[in-house]
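Just so we're aligned, residue 1 is where the sequence shown starts under UniProt numbering, counting upward by one.
Just so you know, even glycine gets a beta-carbon here, dropped at the ideal spot from N, CA and C.
See structure below.
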Amino acid sequence: MNQPHRIAVIPGDGIGQEVMPEGLRVLRAAAERHGIALQLTEIPWASCDWYLQTGQMMPDDWKAQLAGMDALYFGAVGWPATVPDHVSLWGSLLKFRREFDQYVNLRPVRLFDGVPCPLAGRRPGDIDFLVVRENTEGEYTNLGGVMFAGTERELVIQESVFSRHGTDRVLKHAFELAMQRPRRHLTVATKSNGIAISMPWWDTRAREMHARYPEVSVDFQHIDILSARFVLQPDRFDVVVASNLFGDILSDLGPACTGTIGLAPSANLNPDRRFPSLFEPVHGSAPDIFGRQIANPVAMIWSGALMLDFLGHRAAHDDIVRAIEQVLATGPRTPDLGGSASTSEMGEAIAQRVGM
Ligand code: GGG
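What follows is the structure, given as structure tokens:
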């Protein structure tokens, strides 16, 4: 075996703690099957429990503790009953994304055989696209403030930030992904009629980048009609690139159109590989279903497959995705898919099929 890949395992909060063991189960099965050495280090922080014990989401030396890691495998963050969501998110996940410069958030959307699709007449294969979300700037900033707090004159400002560097690099990544796909189509999601400075500027940056990739066909869509088309005509999409907030919304809407957000994985990438990338399900901590062992583990497991792919193990990725396809087609399934299997029964079924 080669040098082990060093992976920080961060279950986080809520159902992150229930789906993570299944992600690890499948990861270990694939590693064994494909001769991949993994060194897994469980991280107890980046959780609201840690916050309640220490007053912060992560220790001051979190970066030093993660030094030398090749990837972070992350469950979910958030427990709003005890810690406000913006505190837990900015204290953990957003720190990883920004400080490790994970500027591409790649979120595949796919309709699988055996998954009931809420959209009439859609069949597996009809829906298969990638949302590429800008992940370090845009609408997610902490620039702003409150004036006259608590008075009738109260006024709140929060700035959005779009840098040329930040926008061009995510557009470039999206064009390159489109180049690798048979349809070679890119949809640019903006709102250039209403948000009249930054969004027309995004479109201009995209047009300039398009000149470098003439083989890619491009269309520009306002986020409102684009959302409607996700529901009405999801088969027309191939790669969709969007700002931080728009990309976040689209990548919940997309999986909802293909049956359940419980299937949706994501890869927060530092494509330059100067820092570790982070792999997590799109879903959050889901406090409403935590503790019942009914969370769908597929998003966590598929995120693990994306991690292996990024670490150079394409065959192991394909193997896991094939195991997921088989289990979704034949069962067992968790209740979000109309079944009655537990989180671990579904994870176990997928692990057993890895390498078969
Ligand atoms: N695993 C995903 C997770 O924990 N999500 C929490 C959340 O609210 N994320 C917001 C975001 O991705 O912007």
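Asked                                                                                                                                                                            : Found
Which residue wins for smallest C-alpha separation from residue 314, given the options 352, 35, 191, 136?                                                                        : 35
List the endpoints of the continuous beta strand (DSSP E) containing residue 6.                                                                                                  : 5-12
For the region 13-59, list the alpha helix (DSSP H) runs that are entirely contained and at least 4 residues long, ordered along the chain.                                      : 16-34, 48-54
By a C-beta neighbour count over all protein chains shown, 10 Å radius and 16 as the cutoff for buried, is residue 297 buried or exposed?                                        : buried
Just to be sure I understand the criterion: a residue counts if its Cβ is closer than 7 Å to at least one heavy atom of the ligand GGG. Which residues meet that?                : 12, 16, 74, 75, 76, 77, 78, 85, 89, 93, 140, 248, 280, 281, 282, 283, 284, 285
For residue 13, count neighbouring Cβ atoms within 10 angstroms of its own Cβ and tell me buried if that reaches 16, exposed if not.                                             : buried
Give me the Cα-Cα distance between residue 350 and residue 147, rounded to the nearest whole angstrom.                                                                           : 53 Å
Around the Cβ of residue 340, are there at least 16 other Cβ atoms within 10 angstroms (buried) or fewer (exposed)?                                                              : exposed
Measuring only the C-alpha atoms, how far is residue 274 from residue 152?                                                                                                       : 48 Å
With distances taken between CB atoms, is the gap from residue 264 to residue 133 smaller than 8 Å?                                                                              : no
With a 10 Å radius around its C-beta and 16 neighbouring C-beta atoms as the bar for buried, classify residue 165 as buried or exposed.                                          : exposed
With DSSP run on the structure shown, which of helix, strand or coil describes residue 192?                                                                                      : coil
Quick one, are the C-beta atoms of residue 57 and residue 91 less than 8 Å apart?                                                                                                : yes
Mapping the DSSP letters down to three states, classify residue 127 as helix, strand or coil.                                                                                    : coil
Taking Cβ positions only, does residue 25 come closer than 8 Å to chain C?                                                                                                       : The structure shown contains no chain C; it holds only a single protein chain.
Excluding five sequence neighbours on each side, which residues of the same chain lie with their C-beta closer than 8 Å to the C-beta of residue 154?                            : 146, 147, 148
Using only CA atoms, which one of 355, 270, 310, 236 lies nearest to residue 135?                                                                                                : 270
Can you name the start and end residues of the alpha helix (DSSP H) that residue 244 belongs to?                                                                                 : 244-257
Could you spell out the range, first to last residue, of the alpha helix (DSSP H) harbouring residue 165?                                                                        : 164-179
Can you confirm whether the region 44-64 touches the region 79-86 when touching is taken to mean that 3 or more C-beta pairs between the two stretches lie within less than 8 Å? : yes
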